[in-house]
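**Q** Before anything else, here's the structure in question.
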Amino acid sequence: MLSFFKKNKQPITTLFSKTYIDIHSHLLPNIDDGSKSFEDSTELIQKLSSFGIKNFVTTPHVMDGVWNNTSKDIQQKLFELTNYLKSHGLEDINIRAAAEYMIDNNFEKLLSNKDLLPIKDQYILVELSYFNPPINLNEILFNIQIAGYKPILAHPERYIFYHTNYNKYHELKELGCLFQLNLLSLSQHYGSKVNKITERLLKDNLIDFTGTDTHNIRHLNTLETINNGKLLKLITPILENNAKLL
Ligand SMILES: [Fe+2]
Numbered sequence: 210m211l212s213f214f215k216k217n218k219q220p221i222t223t224l225f226s227k228t229y230i231d232i233h234s235h236l237l238p239n240i241d242d243g244s245k246s247f248e249d250s251t252e253l254i255q256k257l258s259s260f261g262i263k264n265f266v267t268t269p270h271v272m273d274g275v276w277n278n279t280s281k282d283i284q285q286k287l288f289e290l291t292n293y294l295k296s297h298g299l300e301d302i303n304i305r306a307a308a309e310y311m312i313d314n315n316f317e318k319l320l321s322n323k324d325l326l327p328i329k330d331q332y333i334l335v336e337l338s339y340f341n342p343p344i345n346l347n348e349i350l351f352n353i354q355i356a357g358y359k360p361i362l363a364h365p366e367r368y369i370f371y372h373t374n375y376n377k378y379h380e381l382k383e384l385g386c387l388f389q390l391n392l393l394s395l396s397q398h399y400g401s402k403v404n405k406i407t408e409r410l411l412k413d414n415l416i417d418f419t420g421t422d423t424h425n426i427r428h429l430n431t432l433e434t435i436n437n438g439k440l441l442k443l444i445t446p447i448l449e450n451n452a453k454l455l
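Heads up: the sequence shown begins at 210 in our numbering, then just goes up one per residue.
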């Protein structure tokens, strides 16, 4: 009986395989609202590594007028962090960089210049405002694909305006948009509404990929506490999908 309970209380941090790649995080220092220093980045990466996550495509924000990061800035920061990690003995970490692109005017410019950093191949990570979706979202998704990219929408469960318009999730999938769930949505971290819609999206097989969206150590302390057996059963097969982006 004891082993039964023990088995069902395994936290999510025991479920990552060697081929898991975290495709959403803010691990590059001083480039957005994530890591604040190289020491910070190292602490976050060491903690993620203790969960068995050793592969990363980190995704700083690119948001017009807020985080004006260029592809060059991001690649330069990655170069600096990679050197820092090596010189501090973190040799077994595989880290690349892409971006989390807010769909705004600047994004449309980057798209027409094909100046986007992909997660892998043609997959790009995009996000929406939490307040309202772009009016021309369907057209933008079309343009992304015409340009040869495949859009992955970051944390669809966090866009509250779709909770009461649930069919929009199906529509976005039909329009070729892939979905990346934040693992913290398996907890109450973003509130109970986000947690509830997460369960529904998982049950409806709408989630393609997962990510930690790590900004700080508090996120990882919360991630360690996730041990809801019902949700973990739903997420376990989906965790394997990330290996396609390794
Ligand atoms: Fe993010």
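Ideal Cβ positions, reconstructed from N, Cα and C, are used throughout, including at glycine.
Going by the C-beta, is D422 closer than 8 Å to any heavy atom of ligand 1?
**A** The count along the sequence shown starts at 1 and reaches residue 422 at position 213. Yes, the beta carbon of D422 sits closer than 8 Å to at least one heavy atom of ligand 1.
**Q** Going along the chain, which residues of its own chain have a beta-carbon closer than 7 Å to the beta-carbon of K402, five neighbours each way excluded?
**A** Indexing the sequence shown from 1 puts residue 402 at position 193. Cβ neighbours of K402 beyond the five flanking positions: I369 and H372.
**Q** Can you give me the C-alpha to C-alpha distance between Q285 and A306, rounded to a whole angstrom?
**A** The sequence position of residue 285 within the sequence shown is 76, counting from 1. The sequence position of residue 306 within the sequence shown is 97, counting from 1. So the two alpha carbons sit approximately 10 Å from each other.
**Q** How about H270: is its Cβ closer than 8 Å to a heavy atom in ligand 1?
**A** Against the sequence shown, residue 270 aligns to sequence position 61. Yes - ligand 1 has a heavy atom lying nearer than 8 Å to the Cβ of H270.
**Q** Which of the three DSSP states is assigned to H398 in this structure?
**A** As a position in the sequence shown, residue 398 is number 189, starting the count at 1. Here H398 sits in coil by DSSP.
**Q** Can you tell me which of T291, D330, E289 and Y358 puts its alpha carbon nearest to the alpha carbon of E317?
**A** Here residue 317 corresponds to residue number 108 of the sequence shown, with the count starting at 1. Per the Cα distances, Y358.
**Q** Whose C-beta lies closer than 7 Å to the C-beta of A356 among residues of the same chain, with five residues either side of it excluded?
**A** Taking the sequence shown and counting its residues from 1, the one referred to as residue 356 is at position 147. Result list for A356: L320 and K323, in chain order.
**Q** For H424, name the three-state secondary structure that DSSP assigns.
**A** For the purposes of this step, residue 424 is taken as residue 215 along the sequence shown, with counting starting at 1. Note: H424 maps to coil in three-state DSSP.
**Q** In the DSSP output, what is A306 paired with across the bridge?
**A** As a working mapping, residue 306 is identified with position 97 in the sequence shown. For A306, which the question treats as bridged, DSSP gives the partners T267.
**Q** Out of I232, T222 and T268, state which residue places its alpha-carbon closest to the alpha-carbon of N239.
**A** As a position in the sequence shown, residue 239 is number 30, starting the count at 1. Per the Cα distances, T268.
**Q** Mind the definition here: the segment 336–355 touches the segment 288–303 only if three or more C-beta pairs lie below 8 Å; say whether that holds.
**A** As far as the Cβ criterion goes, the segment 336–355 does not touch the segment 288–303, which means the pair count is below three.
**Q** Just checking, does the segment 239–258 make contact with the segment 403–418 on the three C-beta pairs under 8 Å criterion?
**A** Result no; under three Cβ-Cβ pairs closer than 8 Å.
**Q** Under 8 Å from any heavy atom of ligand 1, does the C-beta of H398 make it?
**A** Taking the sequence shown and counting its residues from 1, the one referred to as residue 398 is at position 189. No.
**Q** Less than 9 Å between the C-beta atoms of L395 and I426, yes or no?
**A** As a first step, residue 395 must be located in the sequence shown, where it is residue number 186. As a first step, residue 426 must be located in the sequence shown, where it is residue number 217. No. Outside cutoff.
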